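> Chains as they are written, first to last, in the numbering used here: chain A, 232 to 804; chain B, 4 to 231. By construction, the Cβ of each residue, glycine as well, lies at the ideal position given by its N, Cα and C atoms. Small disclaimer: the values here were computed from a predicted structure and weren't measured.
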Amino acid sequence: MATEKTDVVIVGVGAVGGILAAELGKAGMKVVGLERGPRLTTADFNPHDELRYFQRQDLRPNWKRQPVTWRPNTGVRAHPMNVLNYGNQAGGGTVHYGTLSWRMHEDDFRARSQTIEKYGASAIPQDSSLADWPVAYADLEPFYDQAEYELGVSGKAGNLQGKKIDGGNVFEAPRKREYPLPALLMDQSGVLFAEGARKLGYHPFSSPRAIISQPYHDRASCTYCGFCQSFGCHVGAKSSILVTKLPEADATGNFKLLTGATCYHVNTDNSGRATGVSYYGPDGSDNTIEAELVILAPFIYDNTRLLLLSKTDKFPNGLANSSGQLGKHVMAHIMAKVFAAYDDRYVNIYMGPSAQKHTIDDFNADNFDHGGLGFIRGAQISIGPADLEAGPIGTAMSMDPPPGTPKWGAAYRDFFAKYFARYGAINAQTENLAYADQTIDLDPDVRDQWGMPAPRVTYDWRRPNERARVEFLMQKMEGIAHAMGATKVWRAALSPGAPGAHHEGGTRMGNDPKTSVVNRYGQTWDIPNLFVIGSSTFPSMSGFNPTLTIQALAYMSADAIVKRYKNRPGPLV
Amino acid sequence: MTKHDASRRAFLVRAAVGAGAAAGAGLVPDAIAQNHEHMEGGAATSGAQHPSGSEHGAFFNHADAATIAAFTERLMPSAPDKPGARDADVLNYIDLALAGAYAELQDFYRRGLAQLEAYCRGTYKEPFVRLNPEQQDEVIASLENGKATGFSYPTAREFFSTLRTHTMEGMFADPLYGGNRDFVGWRLVGFPGAQAVFTPTDLQNTQAFTREPMVGLQTIAKGPAGRG
Numbered sequence: 232m233a234t235e236k237t238d239v240v241i242v243g244v245g246a247v248g249g250i251l252a253a254e255l256g257k258a259g260m261k262v263v264g265l266e267r268g269p270r271l272t273t274a275d276f277n278p279h280d281e282l283r284y285f286q287r288q289d290l291r292p293n294w295k296r297q298p299v300t301w302r303p304n305t306g307v308r309a310h311p312m313n314v315l316n317y318g319n320q321a322g323g324g325t326v327h328y329g330t331l332s333w334r335m336h337e338d339d340f341r342a343r344s345q346t347i348e349k350y351g352a353s354a355i356p357q358d359s360s361l362a363d364w365p366v367a368y369a370d371l372e373p374f375y376d377q378a379e380y381e382l383g384v385s386g387k388a389g390n391l392q393g394k395k396i397d398g399g400n401v402f403e404a405p406r407k408r409e410y411p412l413p414a415l416l417m418d419q420s421g422v423l424f425a426e427g428a429r430k431l432g433y434h435p436f437s438s439p440r441a442i443i444s445q446p447y448h449d450r451a452s453c454t455y456c457g458f459c460q461s462f463g464c465h466v467g468a469k470s471s472i473l474v475t476k477l478p479e480a481d482a483t484g485n486f487k488l489l490t491g492a493t494c495y496h497v498n499t500d501n502s503g504r505a506t507g508v509s510y511y512g513p514d515g516s517d518n519t520i521e522a523e524l525v526i527l528a529p530f531i532y533d534n535t536r537l538l539l540l541s542k543t544d545k546f547p548n549g550l551a552n553s554s555g556q557l558g559k560h561v562m563a564h565i566m567a568k569v570f571a572a573y574d575d576r577y578v579n580i581y582m583g584p585s586a587q588k589h590t591i592d593d594f595n596a597d598n599f600d601h602g603g604l605g606f607i608r609g610a611q612i613s614i615g616p617a618d619l620e621a622g623p624i625g626t627a628m629s630m631d632p633p634p635g636t637p638k639w640g641a642a643y644r645d646f647f648a649k650y651f652a653r654y655g656a657i658n659a660q661t662e663n664l665a666y667a668d669q670t671i672d673l674d675p676d677v678r679d680q681w682g683m684p685a686p687r688v689t690y691d692w693r694r695p696n697e698r699a700r701v702e703f704l705m706q707k708m709e710g711i712a713h714a715m716g717a718t719k720v721w722r723a724a725l726s727p728g729a730p731g732a733h734h735e736g737g738t739r740m741g742n743d744p745k746t747s748v749v750n751r752y753g754q755t756w757d758i759p760n761l762f763v764i765g766s767s768t769f770p771s772m773s774g775f776n777p778t779l780t781i782q783a784l785a786y787m788s789a790d791a792i793v794k795r796y797k798n799r800p801g802p803l804v
Numbered sequence: 004m005t006k007h008d009a010s011r012r013a014f015l016v017r018a019a020v021g022a023g024a025a026a027g028a029g030l031v032p033d034a035i036a037q038n039h040e041h042m043e044g045g046a047a048t049s050g051a052q053h054p055s056g057s058e059h060g061a062f063f064n065h066a067d068a069a070t071i072a073a074f075t076e077r078l079m080p081s082a083p084d085k086p087g088a089r090d091a092d093v094l095n096y097i098d099l100a101l102a103g104a105y106a107e108l109q110d111f112y113r114r115g116l117a118q119l120e121a122y123c124r125g126t127y128k129e130p131f132v133r134l135n136p137e138q139q140d141e142v143i144a145s146l147e148n149g150k151a152t153g154f155s156y157p158t159a160r161e162f163f164s165t166l167r168t169h170t171m172e173g174m175f176a177d178p179l180y181g182g183n184r185d186f187v188g189w190r191l192v193g194f195p196g197a198q199a200v201f202t203p204t205d206l207q208n209t210q211a212f213t214r215e216p217m218v219g220l221q222t223i224a225k226g227p228a229g230r231g
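#1: In three-state terms, what does DSSP make of residue 607 of chain A?
#2: Taking one C-beta from the region 587 to 597 of chain A and one from the region 316 to 336 of chain A each time, how about it: are there three or more such pairs within less than 8 Å?
#3: Grouping DSSP H, G and I as helix and E and B as strand, with all else coil, what is residue 193 of chain B?
#4: Whose Cβ in chain B lies nearer than 7 Å to the Cβ of residue 279 of chain A?
#5: Cβ of residue 758 of chain A within 8 Å of Cβ of residue 503 of chain A?
#6: Kindly indicate if chain B contains any beta-carbon less than 8 Å away from that of residue 285 of chain A.
#7: Around the C-beta of residue 697 of chain A, are 16 or more other C-beta atoms found within 10 angstroms, so that it is buried, or is it exposed?
#8: Where residue 448 of chain A and residue 603 of chain A are concerned, what is the direct C-alpha to C-alpha distance, given to the nearest angstrom?
#9: Using DSSP bridges, identify the partner residues of residue 487 of chain A.
#10: Can you name, in chain order, every residue of its own chain whose Cβ lies under 6 Å from the Cβ of residue 75 of chain B, other than the five neighbours on each side?
#11: Quick test of your reading: residue 636 of chain A and residue 642 of chain A, contact by CB under 8 Å. State the CB separation rounded to the nearest angstrom.
#12: Compare the beta carbon distance of residue 762 of chain A and residue 539 of chain A with 8 Å and say whether it is the shorter of the two.
#13: May I ask which residues mark the beginning and end of the alpha helix (DSSP H) holding residue 141 of chain B?
#14: Taking 8 Å as the CB-CB limit, is residue 582 of chain A close to chain B?
#15: Between residue 372 of chain A and residue 400 of chain A, what straight-line distance do the alpha-carbon atoms span, to the nearest angstrom?
#16: Mind checking residue 344 of chain A: buried by the 16 CB within 10 Å criterion, or exposed?
#17: Evaluate residue 13 of chain B with the Cβ neighbour count: other Cβ atoms within 10 Å of its Cβ, from every protein chain shown; 16 or more gives buried, anything less gives exposed.
#18: Given this structure, state the Cα-to-Cα distance separating residue 97 of chain B from residue 173 of chain B, to the nearest angstrom.
#19: Please list, in chain order, all residues of the same chain as residue 138 of chain B whose beta carbon is under 7 Å from its beta carbon, the five residues on each side excluded.
#20: Of all Cβ atoms in chain B, is any one closer than 8 Å to the Cβ of residue 250 of chain A?
#21: So with CB distances below 9 Å, who are the chain A contacts of residue 143 of chain B?
#22: I'd like the ranges of any alpha helix (DSSP H) spanning at least 4 consecutive residues and lying wholly in the region 362 to 444 of chain A.
#23: Once DSSP output is grouped into helix, strand and coil, what is the label at residue 625 of chain A?
#24: Determine, for residue 456 of chain A, whether the minimum Cβ-Cβ distance to residues of chain B falls below 8 Å.
#25: Across the region 432 to 439 of chain A and the region 576 to 592 of chain A, are there enough close Cβ pairs to call them in contact, namely three or more that are closer than 8 Å?
#26: Along chain B, which residues have their Cβ under 9 Å away from the Cβ of residue 577 of chain A?
#27: Just checking residue 716 of chain A against the ligand ADP - is the residue's beta carbon closer than 7 Å to any of the ligand's heavy atoms?
#28: Taking the beta carbon of residue 274 of chain A as the centre, do at least 16 other beta carbons fall within 10 Å, making it buried, or is it exposed?
#29: Quick one, which residues of the region 403 to 419 of chain A are near chain B if we go by CB-CB under 8 Å, in chain order?
#30: Round the Cβ separation of residue 456 of chain A and residue 197 of chain B to the nearest angstrom and send it over; I've been treating them as touching at under 8 Å.
#31: Are residue 679 of chain A and residue 298 of chain A touching if we call contact CB-CB under 8 Å?
#32: Quick check: the Cα distance between residue 737 of chain A and residue 368 of chain A, rounded to an integer number of angstroms?
#33: Over what stretch of residues does the beta strand (DSSP E) that includes residue 562 of chain A continue unbroken?
#34: Can you tell me which of the three DSSP states residue 234 of chain A falls into?
#35: Report the three-state DSSP secondary structure of residue 164 of chain B (helix, strand or coil).
#36: Taking 8 Å as the CB-CB limit, is residue 624 of chain A close to chain B?
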């Protein structure tokens, strides 16, 4: 058992932890980062192997050793989910993610107010806990900018200081300057999608991605090999935390990374202060770090789980839970999908960055009139492979054949042989609303390899608002597929209630300690030297991938800690 | 190759060819007529061209290997110019996986196979490998829709679903893992493997991508990447 002292301990060195490690280290704070997985390098990601990385999830948590269970409602027993789409190594999910890097819309930060102003309070489902953020887009803009430029995001502006620019996303919130790197090259699927969308009067554009389209900061640019989602980048062109912020953190001389270190407890004293954390080392040892500042930055499940597991007499319902909101308001995107397949051409969807290649934002957020539609909020709609990764195993798993074609046998073989390289999948990434009864708690039956209760997710996306939205979007996507000139158009089956990608919530941020767990900086209301930063703090989720917003929040928190908290520890709000 | 290996190999070649080969041995004579495509595939590819077997035995016993070979061949049947599970050596892939990465599924397979045999014997009075292809397809469909009786763990649906998944892995995973022999799975669908670079011209290509070579983990395939 080892004990060491430091200024700051960060649990989880991914999208958030890497940024805080570098920024706080640069400010002279001594930082220890606990990472339960290994630290890999770009050389580890060559060659690409679909079985290992996509199918067997080599860069993601092992769902049997580190289970997360799910049940659709409280009436049934939960079972481990067999795919966990977050990271399990230094750099976290940014090592294997699809790199979509969005700024949320202005109205995404005030979805509740926007809805009430435009459609009346009755438009919000009665059981939804839809809430505004305690942060406005304008507050976060400088940090979005910092993330885009420091990490390296490729894209084209569609709204420069209020001036709309064709070819970019004309629905985006105003940005102060252009992206640091030009948009990635279009592939065939992007060309087809853009043509079809334009015919219908929509506004297609190349999705902004954290993949460098040109050499940048001494890194080589993308080779369009197509192995992005689920894979590490073999040339380091993906702007993961591994190749951006971790080297910066190392260079400060103030950062120490402990790999194979699984945090199991946040320690607090009788005064109600966090004193550090305890963790299991790779050799099974039980260790403690004493720190002035504790920052939790793992994927969302472990935030809620750690806070619940760390309960004391003083905090009997878990740390930072005086509001009773810990573990509530969990959200996830689901993907509604329509396939567009061609008899007269190849699409070769496996070429180029694999995830959500080209986008329309016309049906996202409140970018369209929801009057009379029976639902609120929308989705980002994009073109890509069936499962964000385009190899034949993933496609065989995710590309449902059209109605009438079986999933096996000679007819399936012929279908798959013909269309594997001749299709694109149109995806709607839906902004599912927050509901208080969508929760994370401790599973009473399932434990992980350390003997700790597994996080248990209780969630079912199939609410009336969400179902109505999916049906609306399916019809829009079918329209796009036909406008794209596809020979065959059909819908993919919808998931049976389970959460899809980008799980968010559980430690909601807000302006009121009575109704939220953390403030806008991720600082817990109850314990000022304990922060929780990441998508677990999102009050609503938007139809966009969360990573760039997570990173912008990390920069904003780092800025507040360095400029204010460091010299005068205490509540920042 | 030892004598055991040789006889095992001969057995497995017959088993992998499935009902077609069994028909040749006079067991179910109707099978050939009932599945012309299947017979052609078997006739074209049995023997030296697909010497499945010498590396088998990591997990399956002979009877189970024969069942898995026959089952996966129905999921992805072989036909002329359309390689299937037998051509890709899906059996070898699953056998090696169950002795390694998927060792925790050994019991799942043992019980699943036992339940499958019991169901076939109860319904058709014959084991799965002795059924003709149409009957085998009926059995597989009854697993897929959950109507097959007598399954508890794994359930019929789970067993079907896992076999389908593992068949696809054996068809399309890198040959390093024991299936996708000579990249036949990638050739079937037109996947060029892990290419290091696609050029702007490649990205705009509306035709099949056929530039050589296909790139695997340890090997580079001979011949064009497009469909054979």
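The short version:
#1: Stepping through the first sequence from its first residue, residue 607 of chain A is reached at position 376. Secondary structure at residue 607 of chain A: coil, using DSSP grouped into helix, strand and coil.
#2: The way I'd put it, the region 587 to 597 of chain A does touch the region 316 to 336 of chain A; three or more beta-carbon pairs between them come closer than 8 Å.
#3: Within the second sequence, residue 193 of chain B is the residue found at index 190, counting from 1. Looking at residue 193 of chain B - three-state DSSP - the assignment turns out to be coil, as it is neither helix nor strand.
#4: The count along the first sequence starts at 1 and reaches residue 279 of chain A at position 48. Neighbours of residue 279 of chain A in chain B, taken as residues at a C-beta separation under 7 Å, are given in chain order as 197.
#5: The residue given as residue 758 of chain A occupies position 527 in the first sequence. The residue given as residue 503 of chain A occupies position 272 in the first sequence. Against a cut-off of 8 Å, the Cβ pair of residue 503 of chain A and residue 758 of chain A comes out as a contact.
#6: Taking the first sequence and counting its residues from 1, the one referred to as residue 285 of chain A is at position 54. Judged by the 8 Å Cβ criterion, residue 285 of chain A is not in contact with chain B.
#7: Here residue 697 of chain A corresponds to residue number 466 of the first sequence, with the count starting at 1. Taking all protein chains shown into account, residue 697 of chain A has 16 or more neighbouring C-beta atoms within 10 Å of its C-beta and is therefore buried.
#8: In the first sequence, the residue the question calls residue 448 of chain A occupies position 217. In the first sequence, the residue the question calls residue 603 of chain A occupies position 372. If you take the alpha carbons of residue 448 of chain A and residue 603 of chain A, they lie about 50 Å apart.
#9: In the first sequence, residue 487 of chain A corresponds to position 256, counting from 1. A:263.
#10: The residue labelled residue 75 of chain B in the question sits at position 72 within the second sequence. Contacts found: 88, 93, 170.
#11: Position 405 of the first sequence, counted from the start, is the residue given in the question as residue 636 of chain A. Position 411 of the first sequence, counted from the start, is the residue given in the question as residue 642 of chain A. That belief holds up - the Cβ atoms of residue 636 of chain A and residue 642 of chain A are roughly 6 Å apart, short of 8 Å.
#12: Sequence index remark: in the first sequence, residue 762 of chain A carries index 531 (1-based). Sequence index remark: in the first sequence, residue 539 of chain A carries index 308 (1-based). No, these two residues do not count as a Cβ contact at 8 Å.
#13: Working through the second sequence from its first residue, we reach residue 141 of chain B at position 138. Start and end: 136 to 147.
#14: Working through the first sequence from its first residue, we reach residue 582 of chain A at position 351. Yes, its Cβ sits closer than 8 Å to a Cβ of chain B.
#15: Numbered from 1 along the first sequence, position 141 holds the residue referred to as residue 372 of chain A. Numbered from 1 along the first sequence, position 169 holds the residue referred to as residue 400 of chain A. Between residue 372 of chain A and residue 400 of chain A, the C-alpha separation is close to 16 Å.
#16: Here residue 344 of chain A refers to the residue found at position 113 when the first sequence is read from its first residue. When all chains shown are included, residue 344 of chain A counts as exposed.
#17: Locating residue 13 of chain B in the second sequence gives position 10, where the first residue counts as 1. Model confidence at residue 13 of chain B stands at a pLDDT of 38, short of 50, so the residue's coordinates are unreliable and nothing is read from them.
#18: Taking the first residue of the second sequence as 1, we reach residue 97 of chain B at position 94. Taking the first residue of the second sequence as 1, we reach residue 173 of chain B at position 170. Using only the alpha carbons, I get a separation of about 7 Å.
#19: As a working note, residue 138 of chain B is residue 135 in the second sequence. Same-chain partners within the cutoff: 127.
#20: For this step, residue 250 of chain A is matched to residue 19 along the first sequence. At a cut-off of 8 Å between C-beta atoms, residue 250 of chain A does not count as an interface residue with respect to chain B.
#21: Counted from its first residue, the second sequence places residue 143 of chain B at position 140. Listed along the chain, the chain A residues whose CB falls inside 9 Å of the CB of residue 143 of chain B are 639, 640.
#22: The region 362 to 444 of chain A contains these whole alpha helix (DSSP H) runs: 368 to 378, 419 to 430.
#23: Indexing the first sequence from 1 puts residue 625 of chain A at position 394. Three-state DSSP puts residue 625 of chain A in a helix.
#24: Reading the first sequence from its first residue, position 225 is the one you call residue 456 of chain A. Residue 456 of chain A counts as touching chain B.
#25: Yes, since at least three Cβ pairs between the region 432 to 439 of chain A and the region 576 to 592 of chain A fall closer than 8 Å, the two stretches touch.
#26: Working through the first sequence from its first residue, we reach residue 577 of chain A at position 346. 193, 208, 209, 210, 211, 212, listed in chain order.
#27: This structure simply doesn't include the ligand ADP, nor any ligand for that matter.
#28: Here the question's residue 274 of chain A lines up with position 43 in the first sequence. Around the CB of residue 274 of chain A, fewer than 16 other CB atoms lie within 10 Å, so the residue is classed as exposed.
#29: Hits within the stretch, in order: 416, 417, 418, 419.
#30: As a working note, residue 456 of chain A is residue 225 in the first sequence. As a working note, residue 197 of chain B is residue 194 in the second sequence. With a Cβ gap of about 7 Å, residue 456 of chain A and residue 197 of chain B count as contacting.
#31: Position 448 of the first sequence, counted from the first residue, corresponds to residue 679 of chain A. Position 67 of the first sequence, counted from the first residue, corresponds to residue 298 of chain A. Taking 8 Å as the cut-off, the beta carbon of residue 679 of chain A is found closer than this to the beta carbon of residue 298 of chain A.
#32: Locating residue 737 of chain A in the first sequence gives position 506, counting from the first residue. Locating residue 368 of chain A in the first sequence gives position 137, counting from the first residue. In a straight line, the C-alpha of residue 737 of chain A is about 22 Å away from that of residue 368 of chain A.
#33: In the first sequence, the residue the question calls residue 562 of chain A occupies position 331. Here the beta strand (DSSP E) through residue 562 of chain A covers 562 to 564.
#34: Residue mapping note: residue 234 of chain A aligns to position 3 of the first sequence, counting from 1. The three-state reading of DSSP puts residue 234 of chain A in strand, counting E and B together.
#35: Numbered from 1 along the second sequence, position 161 holds the residue referred to as residue 164 of chain B. Reduced to three states, the DSSP call for residue 164 of chain B is helix.
#36: As a working note, residue 624 of chain A is residue 393 in the first sequence. For residue 624 of chain A, the answer is yes, since a Cβ of chain B falls inside 8 Å of its Cβ.
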